[in-house]
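Novice:
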Amino acid sequence: MTDKGGNYYRGRASIPSGNEGARVVSPRSPASGSGQAASVSRRGFVLSLLGLGASVAALGAGTATWVFAKDVNESMNKAFDLDGIPDRPDKVVEGAMNILILGTDARDEDQDGRSDSSMLMHVDAAGENAYVISIPRDLWVHIPHNEHATHSDTMAKFNAAYAWGGAALSIQTLEAYTGVRVDHVVEINFPGLVKVVDALDGVDMYIEKTITSIHPPRRTFEQGWNRLNGEEALDYIRQRYQFSDGDYTRMRNQQQLITAILDRAASAGVLRSQSTVTEFVESTAGALSVDTQFNAVGTALAFMHLRSDDIQFMTSPNLGTGYEGGESVIYSDDALAEDLFAHVRDDQVDQWVANNPDALNEPTSGEGEDSEEGE
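Position one of the sequence shown corresponds to residue 821 (this note's numbering), numbered consecutively onward.
1. Give every residue of the same chain whose Cβ lies closer than 8 Å to the Cβ of H967, excluding the five residues on either side of it in the sequence, and list them in chain order.
2. G985: which of G999, A996, I963 and D1003 sits nearest, CA to CA?
3. Per DSSP, G1142 forms a beta bridge with which residues?
4. What are the boundary residues of the beta strand (DSSP E) that M1025 is part of?
5. In or out: G1022 buried (at least 16 other Cβ within 10 Å) or exposed?
6. Counting beta carbon pairs with one atom in the stretch 1006–1024 and one in the stretch 1042–1054, are three or more of them shorter than 8 Å?
7. Can you check which of these residues, D907, Q1132, I1034 and T998, is closest to A1155 by C-alpha distance?
8. In this structure, does DSSP put G1044 in helix, strand or coil?
9. Measure the alpha-carbon distance for F1161 versus V1000 and round it to whole angstroms.
10. Comparing alpha-carbon positions, which option in I1057, D1178 and M1025 lies nearest S1033?
11. With DSSP as the reference, label M939 as helix, strand or coil.
12. Thinking C-alpha only, which one of P1137, I991 and D1003 is nearest P906?
13. The alpha helix (DSSP H) with Q1113 in it runs from where to where?
14. Answer yes or no: do I921 and L1020 have a C-beta to C-beta separation smaller than 8 Å?
15. On the DSSP bridge list, what partners appear for H1004?
16. Relative to the C-alpha of S954, which candidate in T1079, Y1068 and A945 has its C-alpha closest?
17. May I ask whether a heavy atom of the ligand SAM can be found less than 7 Å away from the beta carbon of D1167?
18. Flag this pair as yes or no: are the beta carbons of D958 and S1148 separated by less than 8 Å?
19. Please classify Y997: does DSSP put it in a helix, a strand, or coil?
20. Applying the criterion that 16 or more other CB atoms from any shown protein chain within 10 Å of the CB defines a buried residue, is Y1026 buried or exposed?
21. Ordered along the chain, which non-local residues of its own chain (more than five positions away) have a Cβ less than 7 Å from that of G915?
22. Would DSSP call L1180 helix, strand or coil?
23. In terms of residues, what are the limits of the alpha helix (DSSP H) holding V1017?
24. According to DSSP, which residues form a beta bridge with F1133?
25. Tell me, to the nearest whole angstrom, how far the beta carbon of D1166 is from that of V913; I am working on the premise that it is less than 8 Å.
26. Consult DSSP for V975 and reduce its assignment to one of helix, strand or coil.
27. In three-state DSSP terms, what is T924?
28. Taking the alpha-carbon positions, what's the T993 to P1177 distance?
29. Would you kindly work out how many angstroms separate the C-alpha atoms of W1172 and L1139, rounded to a whole number?
30. Based on the DSSP output, what are the partners of H962 in its beta bridges?
31. So, under 8 Å CB-CB, W960 and M939 are touching, yes? Tell me the CB distance rounded to an integer number of Å.
32. Select from R1038, Q1075 and E1007 the residue whose C-alpha is nearest the C-alpha of Q1062.
33. Would DSSP call N1175 helix, strand or coil?
34. Exposed or buried, which one is K1029 when buried takes at least 16 other CB atoms within 10 Å?
35. Please list, in chain order, all residues of the same chain as A881 whose beta carbon is under 8 Å from its beta carbon, the five residues on each side excluded.
36. Please list, in chain order, all residues of the same chain as D910 whose beta carbon is under 7 Å from its beta carbon, the five residues on each side excluded.
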């Protein structure tokens, strides 16, 4: 069975009845060329992140399109002023861009007001390659002094910075830890992505292993490719206790959801009509908060030649878990992290990746799994 874009439907999570566990249809591997997450070349990768690239691609480059894009840019919630952040590092390479992406989930009872995920996206000066570095929320770092924060100047988990001082302290903490100047901040409200995914009629995600959600209504996600709606996708990326490496898998799944949204948005036939594009872009804008200097149209134009396979994911170098004050934390691999972020600062991440290929997170794409089409 295929959708309007010619893609095979995968398995799908469903809500259980009574006391039964949720079940899904046995997942089907995607046909060749059907749009595997993290593996299909798509133009406008970063554009789609802003909710503009897919729209421009779908509507064309006419005046009306750019007026529409301008309206979306003006409607975005510009909530953060970066000018007041103290002790900022210098910008080293003009043209390169570093964007701190903060994911928040007010519906996740585990968070206690803290950021659910943090990712530093570096786009090189040529606009040809992008790297997304996940910062573990439990990374044990120094939270620098900030007179406006409720707590600061202490060692703590990285995500405590958001709880104590919002995006500003998160940026200050990241810059102190990495020495990399953050150009922009984008805060993603994960529950807001529900509408984004639904506007795309679902996204395709690869489930590493069969799990049952710890959250009501206790959906079961079966291993393999699944077409997930917004609520299902949000539920899946919140899971961590079912995986041996816990938060590391959750970070990979959050990365995969972003990639899945971008690939789906750029897929032929998904955003054909003005109404569908409008719904998608308005939903995306509603899920994002940005800094006051952020210009979605300008950023989109700067990165318009990026494709989804031009982006590589990794996690900030660390030594694994330990305990501080009875709480589980992740210790930084300071030497390797310093080397990585020096290359980010100098816009030479490609060289670092070439020397440290094992640092890349393997895409969750099901490659190597048995597929019906390959048998």
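C-beta: ideal position from N, C-alpha, C; glycine also.
Quantities reported herein were computed from a predicted structural model and do not represent experimental measurements.
Specialist: The relevant details are as follows:
1. Residue numbering aside, residue 967 sits at position 147 when the sequence shown is read from its first letter. Just to set this straight, residue 967 is Glu in the shown sequence, not His. Its chain contains no residue whose beta carbon lies nearer than 8 Å to that of E967 once the 5 sequence neighbours on both sides are disregarded.
2. Working through the sequence shown from its first residue, we reach residue 985 at position 165. For the options G999, A996, I963 and D1003, the alpha carbon positioned closest to that of G985 is the one of I963.
3. Within the sequence shown, residue 1142 is the residue found at index 322, counting from 1. DSSP, once it has assigned bridges, lists V1149 as partnering G1142.
4. Stepping through the sequence shown from its first residue, residue 1025 is reached at position 205. Segment V1023 to I1027, the beta strand (DSSP E) holding M1025.
5. Counting from one through the sequence shown, the residue named residue 1022 turns up at place 202. Classification of G1022: buried, given that the 10 Å Cβ count is 16 or more.
6. In this structure the stretch 1042–1054 lies against the stretch 1006–1024, because at least three pairs of beta carbons, one per stretch, are closer than 8 Å.
7. In the sequence shown, counting from the first residue as 1, residue 1155 sits at position 335. The shortest C-alpha separation from A1155 is found at T998.
8. Within the sequence shown, the letter at position 224 stands for residue 1044. If DSSP states are grouped into helix, strand and coil, G1044 belongs with the strands.
9. Within the sequence shown, residue 1161 is the residue found at index 341, counting from 1. Within the sequence shown, residue 1000 is the residue found at index 180, counting from 1. Approximately 7 Å between the Cα atoms of the pair.
10. Here residue 1033 refers to the residue found at position 213 when the sequence shown is read from its first residue. Taking only the C-alpha atoms, the option nearest S1033 is I1057.
11. As a working note, residue 939 is residue 119 in the sequence shown. When DSSP states are grouped into helix, strand and coil, M939 belongs to the strand group.
12. For this step, residue 906 is matched to residue 86 along the sequence shown. Comparing Cα-Cα distances from P906 to each of P1137, I991 and D1003, the minimum goes to I991.
13. Working through the sequence shown from its first residue, we reach residue 1113 at position 293. Judged by DSSP secondary structure, Q1113 falls outside any alpha helix (DSSP H); it is assigned neither H nor E.
14. The residue you call residue 921 lines up with position 101 of the sequence shown. The residue you call residue 1020 lines up with position 200 of the sequence shown. No.
15. The residue labelled residue 1004 in the question sits at position 184 within the sequence shown. Answer is I919, bridged to H1004.
16. Here residue 954 refers to the residue found at position 134 of the sequence shown. Measuring from the Cα of S954, the nearest candidate turns out to be Y1068.
17. This structure lacks the ligand SAM, and indeed carries no ligand of any kind.
18. For the purposes of this step, residue 958 is taken as the residue at position 138 of the sequence shown. For the purposes of this step, residue 1148 is taken as the residue at position 328 of the sequence shown. S1148 sits close to D958, with the two beta carbons spaced by under 8 Å.
19. Numbered from its first residue, the sequence shown carries residue 997 at position 177. DSSP places Y997 in helix when its eight states are reduced to three.
20. As a working mapping, residue 1026 is identified with position 206 in the sequence shown. Classification for Y1026: buried.
21. In the sequence shown, residue 915 corresponds to position 95, counting from 1. Answer for G915: A945, listed in chain order.
22. Numbered from its first residue, the sequence shown carries residue 1180 at position 360. Strand, per DSSP.
23. For the purposes of this step, residue 1017 is identified with residue 197 of the sequence shown, where counting begins at 1. Counting along the chain, V1017 sits inside the alpha helix (DSSP H) bounded by residues L1013 to A1019.
24. Taking the first residue of the sequence shown as 1, we reach residue 1133 at position 313. DSSP output for F1133 lists V952 as bridge partner(s).
25. Your numbering for residue 1166 matches position 346 in the sequence shown. Your numbering for residue 913 matches position 93 in the sequence shown. With 8 Å as the limit, D1166 and V913 qualify as a contact, their Cβ atoms being about 6 Å apart.
26. Residue numbering aside, residue 975 sits at position 155 when the sequence shown is read from its first letter. Sequence check: residue 975 is Met here, not Val. The answer is strand: DSSP assigns M975 an E or B state.
27. Mapped onto the sequence shown, residue 924 falls at position 104. Three-state DSSP puts T924 in a strand.
28. For the purposes of this step, residue 993 is taken as the residue at position 173 of the sequence shown. For the purposes of this step, residue 1177 is taken as the residue at position 357 of the sequence shown. Whole-angstrom Cα-Cα distance: 27 Å.
29. As a first step, residue 1172 is located in the sequence shown; it is residue number 352 there, counting from the start. As a first step, residue 1139 is located in the sequence shown; it is residue number 319 there, counting from the start. Cα to Cα, W1172 sits roughly 19 Å from L1139.
30. Position 142 of the sequence shown, counting from 1, holds the residue named residue 962. The bridge partners DSSP lists for H962 are M975.
31. In the sequence shown, the residue the question calls residue 960 occupies position 140. In the sequence shown, the residue the question calls residue 939 occupies position 119. The pair is not a contact, with the Cβ atoms about 18 Å apart (cut-off 8 Å).
32. Start at 1 with the first residue of the sequence shown, and residue 1062 comes out as number 242. In terms of Cα proximity to Q1062, the closest of R1038, Q1075 and E1007 is R1038.
33. Against the sequence shown, residue 1175 aligns to sequence position 355. The answer is helix: DSSP assigns N1175 an H, G or I state.
34. If you number the sequence shown from 1, residue 1029 lands on position 209. When all chains shown are included, K1029 counts as exposed.
35. By one-based count along the sequence shown, residue 881 stands at place 61. The predicted position of A881 is uncertain, since its pLDDT is 49 and thus under 50; a value taken from the coordinates is nonetheless stated next. Cβ within range, chain order: n/a, list empty.
36. Start at 1 with the first residue of the sequence shown, and residue 910 comes out as number 90. For D910, where only same-chain residues beyond five positions count, the Cβ hits under 7 Å are R1001.
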